[in-house]
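**Student:**
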Amino acid sequence: MGVQDALAALLTREAEAALLREDPVRLQRRYELSDAELAMLRGAAPDGYRVTYDGVRGKLRSAVAARLPDTVAELLGRHRPLWEEFARGLVRRPQPVERPFGMWESERLTAWLATRATPRLAAYARYELARAALAHDRDAALAARAAAPAAPADRPPGGALRLSAAARVGTYTHDVTAGPPIGELPAVRTRVLLQRRWRSPVVRAYRIGDGTAALLEGCDGTRDAGQVIAVVGGDRARAAETLAELALAGLVWPRS
Numbered sequence: 051m052g053v054q055d056a057l058a059a060l061l062t063r064e065a066e067a068a069l070l071r072e073d074p075v076r077l078q079r080r081y082e083l084s085d086a087e088l089a090m091l092r093g094a095a096p097d098g099y100r101v102t103y104d105g106v107r108g109k110l111r112s113a114v115a116a117r118l119p120d121t122v123a124e125l126l127g128r129h130r131p132l133w134e135e136f137a138r139g140l141v142r143r144p145q146p147v148e149r150p151f152g153m154w155e156s157e158r159l160t161a162w163l164a165t166r167a168t169p170r171l172a173a174y175a176r177y178e179l180a181r182a183a184l185a186h187d188r189d190a191a192l193a194a195r196a197a198a199p200a201a202p203a204d205r206p207p208g209g210a211l212r213l214s215a216a217a218r219v220g221t222y223t224h225d226v227t228a229g230p231p232i233g234e235l236p237a238v239r240t241r242v243l244l245q246r247r248w249r250s251p252v253v254r255a256y257r258i259g260d261g262t263a264a265l266l267e268g269c270d271g272t273r274d275a276g277q278v279i280a281v282v283g284g285d286r287a288r289a290a291e292t293l294a295e296l297a298l299a300g301l302v303w304p305r306s
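Heads up: take any position in the sequence shown, counting from 1, add 50, and you land on this note's numbering.
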């Protein structure tokens, strides 16, 4: 606790602002404030808090929109009360400078929407965050630049296989690749492969079937192609062809 926590509470919760007016000693104990810090808070004019509050909300919106532009547009356009509730409740703390701008706030919004938003909006926010995280992942960028060594298309690569750091596999309750508009996303369970690229667009998304997803998830660095195929089951020839295609695309690499 401290003056930053107290200020954040005063900016986002009317009850705390009322406590400052009516029982400042109680507020002081709650946030472990010094007499000087309490005097500073009490000396600020109400209009000053409002200006600061509006500024904080504006910065929050800019930060989240930098990473989740479609999600923010949907919230402001069709679910504004949800956005207002989130903005009132979020206590923003200084984040490590190495974090991409807006990522911390976007992670909190996505987690918050998972329990409060419509399934479509919650699923799309998680998808958009996954894209943003992959786009700013250093290891993914290095893997995309290096690319996988080309493998013959008629056979899978040799050696133990691992999923490239430039790839992510996710499962969603809706076809998130079809949006926006987010409100019209088909309610179909969808497996999505995200690939970090070294050219534009930086991140590509592909709908994949359960079989391809199982092959990708089986490439954990402990199994060769034959073992991955055996674990997944099904058409072995088709699975071998798919693994070769994934290797050529730089999504599956022989373990180094």
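Where a beta carbon is used, it is the ideal one built from N, C-alpha and C, also for glycine.
In this text, all values refer to a predicted model and were calculated from it rather than measured experimentally.
Note the first and the last residue of the continuous alpha helix (DSSP H) segment covering Asp119.
**Tutor:** Reading off the sequence shown, one finds Pro at residue 119, where the question assumed Asp. Where Pro119 is concerned, the enclosing alpha helix (DSSP H) stretches over Pro119 to Arg128.
**Student:** What's the call for Ser250, buried or exposed, on a 16-neighbour Cβ count within 10 Å?
**Tutor:** exposed
**Student:** If we call anything under 8 Å between Cβ atoms a contact, is Thr227 one with Glu178?
**Tutor:** no
**Student:** Please state the DSSP three-state secondary structure of Asp270.
**Tutor:** Strand.
**Student:** Would you mind giving the Cβ-Cβ distance between Gln245 and Val253, rounded to the nearest angstrom? I have them listed as a contact below 8 Å.
**Tutor:** 7 Å
**Student:** Would you please state the rounded distance, in angstroms, between the beta carbons of Leu213 and Leu266? I believe it to be under 8 Å.
**Tutor:** Yes, Leu213 and Leu266 are in contact; Cβ-Cβ is about 6 Å, under 8 Å.
**Student:** For the beta strand (DSSP E) that contains Leu232, what are its first and last residues?
**Tutor:** Before going further, note that residue 232 is Ile rather than Leu in the sequence given. Looking at the DSSP string, Ile232 is not in any beta strand (DSSP E), and its letter there is neither H nor E.
**Student:** Quick test of the definition: if touching needs 3 or more C-beta pairs under 8 Å, does the region 291-302 touch the region 214-222?
**Tutor:** yes
**Student:** Going by DSSP, what residue range makes up the beta strand (DSSP E) through Pro304?
**Tutor:** Val302 to Pro304
**Student:** The beta strand (DSSP E) that contains Arg257, what's its start and end?
**Tutor:** Val253 to Ile258
**Student:** Just grab the DSSP bridge partners of Ala217 for me.
**Tutor:** Gln245
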